[in-house]
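Notes for the one structure printed next.
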Amino acid sequence: MIPIKWLAGFFDGEGCISMTIVGKHRRVAVRIQLTNTNAALLRRIKKEYGGIFVQKTFKHKPHWKPYCALLWTSRKAEVFLEQIFEHLILKRKQAVLARQFFKLRHSLGRLESGSVEGVPRSERSYRARLRPEVVEKEASMKVEMHKLNKKGVLI
698 MIPIKWLAGF
708 FDGEGCISMT
718 IVGKHRRVAV
728 RIQLTNTNAA
738 LLRRIKKEYG
748 GIFVQKTFKH
758 KPHWKPYCAL
768 LWTSRKAEVF
778 LEQIFEHLIL
788 KRKQAVLARQ
798 FFKLRHSLGR
808 LESGSVEGVP
818 RSERSYRARL
828 RPEVVEKEAS
838 MKVEMHKLNK
848 KGVLI
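Quick note: the sequence shown uses my numbering, first residue 698, plus one each step.
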């Protein structure tokens, strides 16, 4: 078994917590990614902690090792993050923001089912069923996450 403290430290160095726009309804989602060139290690982590394993090679750089990643999204991202959260150091701010996002999603941010009165039929998608303040809050959280993940020295 891979110790959770070790995994959190490994994630601090090799992982990423981000927010992205996904799906036809253009909604914000948390994406957690752990990258490394050691495929065997990532497969072992996948076996114990789940995730989607991805391996890619660089055709233009044949001397490079294959790129490997584990990905978690949605509920699986939330579960994985909760397992490593208390041991994170470098990715702590991103993890706090992701937890706030999940909390917002679990709150009563959606309109009641079928409550589309006054909403044009063309806008009755998932996004239209989210309260406007929730859509706005999710967008601002995505911007904040992007700032936290920006490369270079933060002032």
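Note that the Cβ used here is the ideal one computed from N, Cα and C, for glycine as well.
Does DSSP put residue i in a helix, in a strand, or in coil?
i	result
residue 721	coil
residue 846	helix
residue 837	helix
residue 731	strand
residue 778	helix
residue 758	coil
Name the residue from the options whose alpha carbon lies nearest to the alpha carbon of residue i.
i	options	result
residue 832	843, 798, 783, 847	798
residue 642	781, 746, 802	The structure shown does not extend to residue 642, since the chain is modelled only from 698 through 852, so no value can be given for it.
residue 774	804, 764, 759, 743	743
residue 770	758, 787, 720	720
Go through its chain and collect everything with a Cβ distance to residue i's Cβ below 8 Å, but skip five positions before and after it.
i	result
residue 718	724, 725, 726, 839
residue 740	750
residue 800	none
Per DSSP, residue i forms a beta bridge with which residues?
i	result
residue 764	753
residue 712	731
residue 769	729
Would you call the CB atoms of residue i and residue j closer than 8 Å?
i	j	result
residue 738	residue 790	no
residue 784	residue 699	no
residue 802	residue 778	no
residue 736	residue 759	no
Enumerate in chain order the residues of its own chain whose CB-to-CB distance from residue i is below 6 Å, with the five nearest sequence positions on each side excluded.
i	result
residue 766	730, 732, 751
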